[in-house]
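J.: From first to last, the protein sequence lines stand for chains A and B.
For the first sequence, UniProt numbering puts the final residue at 343, and the numbers step up evenly by one.
For the second sequence, UniProt numbering puts the final residue at 343, and the numbers step up evenly by one.
2 protein chains.
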Amino acid sequence: MASTIKDVAKKAGVAPSTVSRVIADNSRISLSTKKRVRKAMKQLGYHPNINARNLAVRSTQAIGVVMPSSADTALQNPFFPEVLRGIGSFAHETEYSLYVSTGGDDDDIFEEVQRMVHGNRVDGIILLYSRISDSVQQFLMEEEFPFVIIGKPSEQENEITHVDNDNYKASLELTNHLIDIGHQNIAFIGGSDELTVTIDRLQGYRQAIQEAGLPLPEEYIVHVEFLKSGGREAVEQLFSLQTPPTGLVVADDLMSLGVINMLEEIGLNCPEDVSITSFNNLYLAEITTPPLTTVDIQIYMLGVHAARCLIEKAQNKDEPAKRIIVPHEVKYRQSTKEIDPTK
Amino acid sequence: MASTIKDVAKKAGVAPSTVSRVIADNSRISLSTKKRVRKAMKQLGYHPNINARNLAVRSTQAIGVVMPSSADTALQNPFFPEVLRGIGSFAHETEYSLYVSTGGDDDDIFEEVQRMVHGNRVDGIILLYSRISDSVQQFLMEEEFPFVIIGKPSEQENEITHVDNDNYKASLELTNHLIDIGHQNIAFIGGSDELTVTIDRLQGYRQAIQEAGLPLPEEYIVHVEFLKSGGREAVEQLFSLQTPPTGLVVADDLMSLGVINMLEEIGLNCPEDVSITSFNNLYLAEITTPPLTTVDIQIYMLGVHAARCLIEKAQNKDEPAKRIIVPHEVKYRQSTKEIDPTK
DNA sequence: GTGAAAGCGCTAACAC
DNA sequence: GTGTTAGCGCTTTCAC
Numbered sequence: 001m002a003s004t005i006k007d008v009a010k011k012a013g014v015a016p017s018t019v020s021r022v023i024a025d026n027s028r029i030s031l032s033t034k035k036r037v038r039k040a041m042k043q044l045g046y047h048p049n050i051n052a053r054n055l056a057v058r059s060t061q062a063i064g065v066v067m068p069s070s071a072d073t074a075l076q077n078p079f080f081p082e083v084l085r086g087i088g089s090f091a092h093e094t095e096y097s098l099y100v101s102t103g104g105d106d107d108d109i110f111e112e113v114q115r116m117v118h119g120n121r122v123d124g125i126i127l128l129y130s131r132i133s134d135s136v137q138q139f140l141m142e143e144e145f146p147f148v149i150i151g152k153p154s155e156q157e158n159e160i161t162h163v164d165n166d167n168y169k170a171s172l173e174l175t176n177h178l179i180d181i182g183h184q185n186i187a188f189i190g191g192s193d194e195l196t197v198t199i200d201r202l203q204g205y206r207q208a209i210q211e212a213g214l215p216l217p218e219e220y221i222v223h224v225e226f227l228k229s230g231g232r233e234a235v236e237q238l239f240s241l242q243t244p245p246t247g248l249v250v251a252d253d254l255m256s257l258g259v260i261n262m263l264e265e266i267g268l269n270c271p272e273d274v275s276i277t278s279f280n281n282l283y284l285a286e287i288t289t290p291p292l293t294t295v296d297i298q299i300y301m302l303g304v305h306a307a308r309c310l311i312e313k314a315q316n317k318d319e320p321a322k323r324i325i326v327p328h329e330v331k332y333r334q335s336t337k338e339i340d341p342t343k
Numbered sequence: 001m002a003s004t005i006k007d008v009a010k011k012a013g014v015a016p017s018t019v020s021r022v023i024a025d026n027s028r029i030s031l032s033t034k035k036r037v038r039k040a041m042k043q044l045g046y047h048p049n050i051n052a053r054n055l056a057v058r059s060t061q062a063i064g065v066v067m068p069s070s071a072d073t074a075l076q077n078p079f080f081p082e083v084l085r086g087i088g089s090f091a092h093e094t095e096y097s098l099y100v101s102t103g104g105d106d107d108d109i110f111e112e113v114q115r116m117v118h119g120n121r122v123d124g125i126i127l128l129y130s131r132i133s134d135s136v137q138q139f140l141m142e143e144e145f146p147f148v149i150i151g152k153p154s155e156q157e158n159e160i161t162h163v164d165n166d167n168y169k170a171s172l173e174l175t176n177h178l179i180d181i182g183h184q185n186i187a188f189i190g191g192s193d194e195l196t197v198t199i200d201r202l203q204g205y206r207q208a209i210q211e212a213g214l215p216l217p218e219e220y221i222v223h224v225e226f227l228k229s230g231g232r233e234a235v236e237q238l239f240s241l242q243t244p245p246t247g248l249v250v251a252d253d254l255m256s257l258g259v260i261n262m263l264e265e266i267g268l269n270c271p272e273d274v275s276i277t278s279f280n281n282l283y284l285a286e287i288t289t290p291p292l293t294t295v296d297i298q299i300y301m302l303g304v305h306a307a308r309c310l311i312e313k314a315q316n317k318d319e320p321a322k323r324i325i326v327p328h329e330v331k332y333r334q335s336t337k338e339i340d341p342t343k
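1) Which of helix, strand or coil does DSSP assign to THR175 (chain B)?
2) Near VAL113 (chain A), what residues of its chain come up, given a Cβ to Cβ distance below 8 Å and the 5 sequence neighbours on each side ignored?
3) Rounded to the nearest angstrom, what separates ARG232 (chain A) and GLN242 (chain A) at their Cα positions?
4) Any contact between the stretch 80-98 of chain A and the stretch 270-277 of chain A? By contact I mean 3 or more CB pairs, one from each, below 8 Å.
5) Over the uninterrupted beta strand (DSSP E) stretch that includes GLN98 (chain B), give me the two end residues.
6) Below 8 Å, how does it come out for the stretch 272-291 of chain B and the stretch 309-324 of chain B: are there three or more Cβ pairs, yes or no?
7) Could you please give me the residues that DSSP links to THR4 (chain B) through a beta bridge?
8) Does the beta carbon of ILE287 (chain A) come closer than 8 Å to any beta carbon on chain B?
9) Under 8 Å, with one C-beta from each stretch per pair, do the stretch 45-57 of chain B and the stretch 240-255 of chain B reach the 3-pair mark?
10) By the criterion of Cβ-Cβ separation under 9 Å, what are the contact partners of ALA2 (chain A) in chain B?
11) Could you check how far apart the C-beta atoms of GLY191 (chain B) and ALA170 (chain B) are, in whole angstroms? I think they sit under 8 Å.
12) Quick one: what's got a C-beta closer than 6 Å to LYS337 (chain A)'s C-beta in the same chain, skipping five residues either side?
13) Who are the Cβ neighbours of ILE325 (chain B) in its own chain at under 7 Å, not counting the five residues just before and after it?
14) Residues of the stretch 30-55 of chain A in Cβ contact with chain B at a cutoff of 7 Å, in chain order, please.
15) If you count every other CB in all the chains shown that lies within 10 Å of the CB of PRO245 (chain B), and 16 or more means buried, which is it?
16) Is it buried or exposed, ALA267 (chain A), if we count other Cβ atoms within 10 angstroms and call 16 or more buried?
17) On a CA-only basis, which of B:ARG53, B:VAL22 and B:ASN26 is nearest ALA40 (chain B)? Give me that one, please.
18) Could you give the residue range of the alpha helix (DSSP H) that holds VAL22 (chain B)?
19) In the structure shown, what three-state DSSP assignment does SER32 (chain B) receive?
20) Give every residue of the same chain whose Cβ lies closer than 8 Å to the Cβ of ARG121 (chain A), excluding the five residues on either side of it in the sequence, and list them in chain order.
21) Just how far apart, CA to CA, sit THR196 (chain A) and GLY247 (chain B)?
22) Ordered along the chain, which non-local residues of its own chain (more than five positions away) have a Cβ less than 6 Å from that of TYR332 (chain B)?
23) Could you tell me the alpha carbon to alpha carbon distance between ASP106 (chain B) and LYS11 (chain B), rounded to whole angstroms?
24) Count the other C-beta atoms from every protein chain shown that fall within 10 angstroms of the C-beta of GLN298 (chain B), then say buried if there are 16 or more, exposed otherwise.
25) State yes or no: is the C-beta of LYS313 (chain A) within less than 8 Å of the C-beta of PRO153 (chain A)?
26) So with Cβ pairs under 8 Å, would you call PHE147 (chain B) a contact of chain A?
27) Of the residues A:GLU159, A:ILE150, A:ILE132 and A:SER130, which one's Cα is nearest the Cα of GLU142 (chain A)?
28) Residues of chain A with CB closer than 7 Å to the CB of GLY230 (chain B), please, in chain order.
29) Pull up the CB-CB distance for ILE209 (chain B) and ILE189 (chain B), whole angstroms please, since I reckon it's below 8 Å.
30) With distances taken between CB atoms, is the gap from THR288 (chain A) to LEU174 (chain A) smaller than 8 Å?
31) Using a beta-carbon distance below 8 Å, is PRO78 (chain B) in contact with chain A?
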């Protein structure tokens, strides 16, 4: 068994409480005893038992991270390691640890969250997704447990701290870009229409199309499962229409990859025949053929801010709800092309 | 404050110890009191405090997962969410939680691992990478702390439980496949040569080449940073050689994506001019152009097995060290092509 | 079958 | 400045 605070106390000839104060670097302890105690700790290879500490102070110095259910194929998106990296970086700085939930289905996740909350495993929770009428979200609200959402809450927007991009605006920009370079028939390919991120991106697209007075047949809006099957499906649907689109607003780079692929299969070329605009600026956006015009949403920073907000909130229950909008930037690459007026 | 075991005891008119026994579903408690106690728990919305429990039993029901440092660009690889998913799935079944370390650099990680171990935060640790003379690995050995490696330990192979693929053999197969379809000039593109996975894959390649009596100039072996810059660099190097290769064994699908891309940029086509074989069978291997011939290493299963082994080990310190080899399967797709004998 | 009581390792009043 | 002591919420002997 590892040595305890008592062992250290005995060895240094002080009381346990003094050792505790040295650990906390309490200013009322004289430098000489501090030194003595520290030496004893070194010699004994002492490390505080976090469980005991947590029990005593009723906090854990840990934050829970909840990913979408792995049923959700979204999990294969490099988005997640990248947010995790952001969260982890801030957490590390502040000496918090990360507790990750990766349940199989929604029920698993709900259970895990319950365990985290009721079992006092974490001081707060970051949700890595936001969908409408999500039971986890509701549960956390009811429990008044500190949490923040990456993305936009579907309701109670002003009571829930969240960090997000201006997806509406970004989408507007992308769509307008397509319009600016002459596209008239622009379609939207999104993920599940239950995710707020899809909803916002769709809204921005809609707005731009309407402002420009362009046609907006409902068939131009497709919600598909992520990637592979999704990309295929979307392209099949869209390009069997009477007036297939020449411009595409796609809600994720990974989907775009699938789209490019399927286009090629049916004999269409990007950007010659179809221009693609996309979201997320995953590293792979630069190495597709052609490289994607996409919105850099600063995934890493989303994570950093979320962690910061959560920790603030966990340390001070009265911290007001905030909204942090991480700025985005459209990266113009080669997947978009001015429409050929001679065609 | 949430209700405690005492509250429940009072409400049910029993002693705290009885409640405790009910939680553990102790067989010596009469069914009637069990029912009474359970009812009280429900009514009070009672959930055991995990910290207190952990403190009392000196265990945590949590396992630590250590990713490579995020300095390592490997982190952007979809490999990680996928293993996490596997680990998470098994962990969930057995009611373990996941504790994830995502340090910025190697020192951060080392610190976090120390905290995990000494602070009693986790019952065991899974390392998601293996490199030669890794300080974390050493540390865990010295502390005799339960851990398992996904990959192959660089030393003490027989004392460290690990789950791995037969990377040597898989690489041999890939290389032989290229040889079988007529390639004579085959190069290897790997990641850092400090990672055991790279080493094994290189070895398999070497073996196949030598067995076939083919040329193996040292310039045919390149170690590059992951992806983008890496892929570019590798291709640039290899295809400015006097005898550029016609076949490639690439240690990761993500790298392959970069390679295909750069090839195109310099006017070469895969598979017409260059055949590519690759590793991991990431979902994106199916949607590149062309789809990749790659080794399916069953990432998810790697995670599941690792979790299982770790939990066994954590529950029984005498559990012997094991090696689990997860079977692989080469997926033949369109990135490889018989060499044209007329050329 | 159930209760009383000690203790897991730490912190935080409250003393002095 | 430092020591004493009473918990934090749970498990686990040892009684009965």
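By construction, the Cβ of each residue, glycine as well, lies at the ideal position given by its N, Cα and C atoms.
T.: Checking against the coordinates, here is how it stands:
1) The answer is helix: DSSP assigns THR175 (chain B) an H, G or I state.
2) Answer for VAL113 (chain A): GLY64, VAL66, SER101, ILE125, VAL136, PHE139 and LEU140, listed in chain order.
3) When the Cα atoms are used, ARG232 (chain A) and GLN242 (chain A) turn out to be separated by approximately 18 Å.
4) The answer is no - the stretch 270-277 of chain A does not touch the stretch 80-98 of chain A, with fewer than three Cβ pairs under 8 Å.
5) A small correction: the amino acid at residue 98 (chain B) is Leu; Gln does not occupy that position in the sequence shown. Following the DSSP letters along the chain, one finds LEU98 (chain B) inside the beta strand (DSSP E) bounded by residues 97-101.
6) No: fewer than three Cβ pairs fall under 8 Å.
7) THR4 (chain B) pairs with nothing; no bridge assigned.
8) Interface residue, yes.
9) Under the Cβ criterion (8 Å, minimum of three pairs), the stretch 45-57 of chain B does not count as touching the stretch 240-255 of chain B.
10) The answer, in chain order, is HIS118 and ASN120.
11) 15 Å between Cβ atoms; not a contact.
12) The residues are PRO271 and SER275.
13) In the same chain as ILE325 (chain B), and ignoring 5 residues on each side of it, the C-beta atoms closer than 7 Å to its own belong to ASP164, ASN165 and ASP166, in chain order.
14) Residues of the stretch 30-55 of chain A whose Cβ lies closer than 7 Å to any Cβ of chain B, in chain order: HIS47, PRO48, ASN49, ILE50, ASN51, ALA52, ASN54 and LEU55.
15) Buried, by the Cβ-count rule.
16) Here the sequence assigns Gly to residue 267 (chain A), which means Ala is not the residue at that position. With fewer than 16 Cβ atoms within 10 Å of its Cβ, GLY267 (chain A) is classed as exposed.
17) ALA40 (chain B) has its Cα closest to that of B:VAL22, out of B:ARG53, B:VAL22 and B:ASN26.
18) Start and end: 16-23.
19) If DSSP states are grouped into helix, strand and coil, SER32 (chain B) belongs with the helices.
20) Taken in chain order, the residues that qualify are THR60, ALA62, GLY64, TYR99 and ARG115.
21) Their Cα atoms are separated by approximately 46 Å.
22) Here the set comprises THR293.
23) Straight-line Cα distance between these residues: approximately 51 Å.
24) With 16 or more other Cβ atoms within 10 Å, it is buried.
25) With a cutoff of 8 Å on beta-carbon distance, LYS313 (chain A) and PRO153 (chain A) are scored as not near each other.
26) By this cut-off, PHE147 (chain B) is not an interface position.
27) Shortest Cα-Cα distance from GLU142 (chain A) to any of A:GLU159, A:ILE150, A:ILE132 and A:SER130 involves A:GLU159.
28) Listed along the chain, the chain A residues whose CB falls inside 7 Å of the CB of GLY230 (chain B) amount to none; the nearest CB is some 11 Å away.
29) Their Cβ separation, rounded to whole angstroms, is 14 Å, which puts ILE209 (chain B) and ILE189 (chain B) out of contact at 8 Å.
30) Contact: no.
31) Using a CB distance cut-off of 8 Å, PRO78 (chain B) counts as an interface residue toward chain A.
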